[in-house]
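S.K.: In this note's numbering, the protein residues as written are 583 to 756.
Starting off with a structure, shown below.
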Amino acid sequence: MNRRRAYTESEVRSILRASESRISVTGMPGHTGEKHVLITGDALLERGQAAYDKTRNGGVVKPMTAFCDTPTAVRVVTEALNAPEGQAALGYLDGYGVFVGARVTIEARVQPFRARFVPHPQSKRTITIDGVLLLVESIWEGEQNYKIHIHTGFPILAFSRGQPAWRDPLDRWH
C-alpha cells in the first residue's frame, strides 16, 4: 500500500486513534489527542507556563496551541496529509519500502480553523489560523494504519520556512 495517496477523514480518524500512545522512533508515545485536542484549558496554561520557564532559562519554545475539538483536528490533519507538502513527504516515506521508522515533518496551510492558543502563561484565547504541523513516521504492520503513524499534529501560528514545506529525516527542508 502506498503512503502517498488521498486520505479520507474516516481513514485519518482511524490513523489518529491507532497512533495515540503508540511508541515512536524517539521512544515517546503518539499524542495528538492527549496533548493537542483533549487537553483542558488549565492544562494548556500549565504547559504554557512550563514553556515560558524554559525561555527564561535560555530555551526557545513555540507558543502552546491545541485544536478546539476532535472533528476539527481530523479535518485539519486530513487536509495536511492531502496537501502538496503532505503528499511529497508521504512519497518520500514510500521510498523507504520495507524500512520503518523514517520520520518527516509536514507544515501545511489548510482551510482556516479555530484553535486554542496560550500567548502568555496567564492568558488563553481562541484564534483563527490556517497552519498545522504533523510528525509522521513510516510503519509496516497492519492495513488499518495505512503504513503511517502520526506521532503528533498541532496548530501552528507560523511556518518554519515562512511557507508550507516538509522536512526529511536528514533535516533538509523541501
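Glycine is no exception: its CB is placed at the ideal position from the N, C-alpha and C atoms.
Verify whether the separation of the beta carbon atoms of E602 and T660 is less than 7 angstroms.
M.R.: Within the sequence shown, numbered from 1, the residue matching residue 602 stands at position 20. Within the sequence shown, numbered from 1, the residue matching residue 660 stands at position 78. Not a contact, by the Cβ cut-off of 7 angstroms.
S.K.: Hey, could you find the ends of the alpha helix (DSSP H) P666 is sitting in?
M.R.: Here residue 666 is taken as the residue at index 84 of the sequence shown, counted from 1. Element bounds for P666: 666 to 676.
S.K.: For H756, count neighbouring Cβ atoms within 10 angstroms of its own Cβ and tell me buried if that reaches 16, exposed if not.
M.R.: Counting from one through the sequence shown, the residue named residue 756 turns up at place 174. Flag for H756 reads exposed.
S.K.: Between which residues of its own chain and R604 is the CB-CB distance below 7 angstroms, once the five residues before and five after are set aside?
M.R.: Numbered from its first residue, the sequence shown carries residue 604 at position 22. Contacts found: P611, G612, H731.
S.K.: Going by DSSP in three states, H756 sits in which element: helix, strand or coil?
M.R.: Indexing the sequence shown from 1 puts residue 756 at position 174. Coil at H756, not helix or strand.
S.K.: Just to confirm before moving on: does the CB-CB distance between E689 and V607 stay below 7 angstroms?
M.R.: The residue you call residue 689 lines up with position 107 of the sequence shown. The residue you call residue 607 lines up with position 25 of the sequence shown. Not a contact, by the Cβ cut-off of 7 angstroms.
S.K.: What residues are listed by DSSP as bridge partners for H731?
M.R.: Here residue 731 corresponds to residue number 149 of the sequence shown, with the count starting at 1. Beta-bridge pairing links H731 to E719.
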